[in-house]
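Student:
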Amino acid sequence: MKLKIPTAKLERSFYTRNVLTVAKELLGKILVKEDNDKKFSGKIVEVEAYDGSIDEAAHTYIGLTKRNEIMFGIGGFLYVYFTYGAHYCCNVVTGKRGKGTAILIRSVEPIDGIEAIIENRYGRELLNEKEKYNLTNGPGKVCKAFNINKKHNGFDLTGGYIYILKAPKIKNKDIMVTKRIGINKSIDLPWRFYIRDNLYVSKK
DNA sequence: TACTAGATCGGCT
DNA sequence: GCCGATCTAGTAG
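Taking my numbering, I'd label the letters of the first sequence as residues 245 to 448.
1) If I392 sits next to Y294, beta carbons under 8 Å apart, how far is it from one beta carbon to the other, in whole angstroms?
2) Taking 6 Å as the limit between beta carbons, can you name the residues of its chain near R368, skipping five residues before and five after?
3) Please state the DSSP three-state secondary structure of G317.
4) Tell me the DSSP secondary structure of L275 in three-state form.
5) For S351, tell me which candidate among N335, S297, R256 has the shortest Cα-Cα distance.
6) Compare the beta carbon distance of G342 and G319 with 8 Å and say whether it is the shorter of the two.
7) Return helix, strand or coil for D295, following the three-state DSSP convention.
8) Between the segment 423-434 and the segment 352-361, do at least 3 Cβ pairs fall closer than 8 Å?
9) Once you ignore the five residues that flank A267 on each side, which residues in its own chain have a CB closer than 6 Å to its CB?
10) Would you say V445 and N381 are within 8 Å of each other, going by their C-beta atoms?
11) Could you spell out where the beta strand (DSSP E) holding V337 opens and where it closes?
12) Give the list of continuous beta strand (DSSP E) stretches no shorter than 3 residues that lie fully inside the segment 342-421.
13) Near R256, what residues of its chain come up, given a Cβ to Cβ distance below 8 Å and the 5 sequence neighbours on each side ignored?
14) Tell me whether G329 is buried or exposed, calling it buried when 16 or more other Cβ atoms sit within 10 Å of its Cβ.
15) Would I425 pass as a contact of K447 if the rule is Cβ separation under 8 Å?
16) Enumerate in chain order the residues of its own chain whose CB-to-CB distance from I314 is below 7 Å, with the five nearest sequence positions on each side excluded.
17) Is DSSP giving S517 helix, strand or coil here?
18) Starting from the C-beta of R261, find all residues in its chain whose C-beta is less than 8 Å away, skip the five residues before and the five after it, and write them out in chain order.
19) State yes or no: is the C-beta of S285 within less than 8 Å of the C-beta of I298?
20) Do you know how far the Cα of A360 is from the Cα of T265?
Right, dumping it as structure tokens:
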């Protein structure tokens, strides 16, 4: 049986709202990237919010720099940064110009382009069932899987070949709220959100 | 299963 | 120079 997949892109007004509101509503939405001959898509199942006005862990906390200028722009753009000398991480900018808020996409559940995702991640066939759940359960893995890198920084999600599709809101009771992962500042902010019982989140 | 270290590079002090 | 919104392979238990 084929799942029915919605086709409308989220518009600017979705992204320009408060970062915590958008973070929760991004759960369940479909991230899509269309390459020349391939199409990648996946359901967003885990995110984290970052807000430079009060959050020391946010890249915008220090004020405007060359690296974070996209995150200081209007919502609906992609902020991609490189970290640990090895990995890219993919963020959705939110709010009005100058806010400095964004949402880190931590995990997705693959839908389209799974063969290419496997190739991007492992460069070989899957060895076991466990590897299937390991394809996109982490911010670095999502970027590797979808082949998202530096050149996608600043991309407009409302216009081009990377976009996010509308989908029904996840019910509040199915949204888990925890502290964020992998940071050393503002560690107590409960700004990580994920879909309850989903097998593709990075950590329960 | 749980912890540790190494990779590796760009941004910022 | 230092450190990071990470991942993987390795070792120990």
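Every residue gets a Cβ at the ideal spot worked out from N, C-alpha and C, and that includes glycine.
Tutor: Straight from the coordinates:
1) No, I392 and Y294 are not in contact; Cβ-Cβ is about 18 Å, not under 8 Å.
2) none
3) Three-state result, G317: coil.
4) Strand, per DSSP.
5) N335
6) No. Outside cutoff.
7) strand
8) no
9) V291, A293, I347, F437
10) yes
11) Run containing V337: 331-338, per the beta strand (DSSP E) assignment.
12) Along the length of the segment 342-421, whole beta strand (DSSP E) runs at least 3 residues long occupy 345-356, 406-409, reported in chain order.
13) I318, G319, G320, T402
14) Sixteen is the threshold: since fewer than 16 other Cβ atoms of the shown chains lie within 10 Å of the Cβ of G329, the residue is exposed.
15) yes
16) Excluding residues within five positions, the ones whose Cβ falls inside 7 Å are F321, Y323, V337, N397, G398.
17) In this structure the chain extends from 245 to 448, so residue 517 is not present and cannot be described.
18) Sequence-distant Cβ neighbours of R261 in its own chain, meaning closer than 8 Å and more than five residues away, are G319, T338, G339.
19) The answer is no: Cβ separation not under 8 Å.
20) 32 Å
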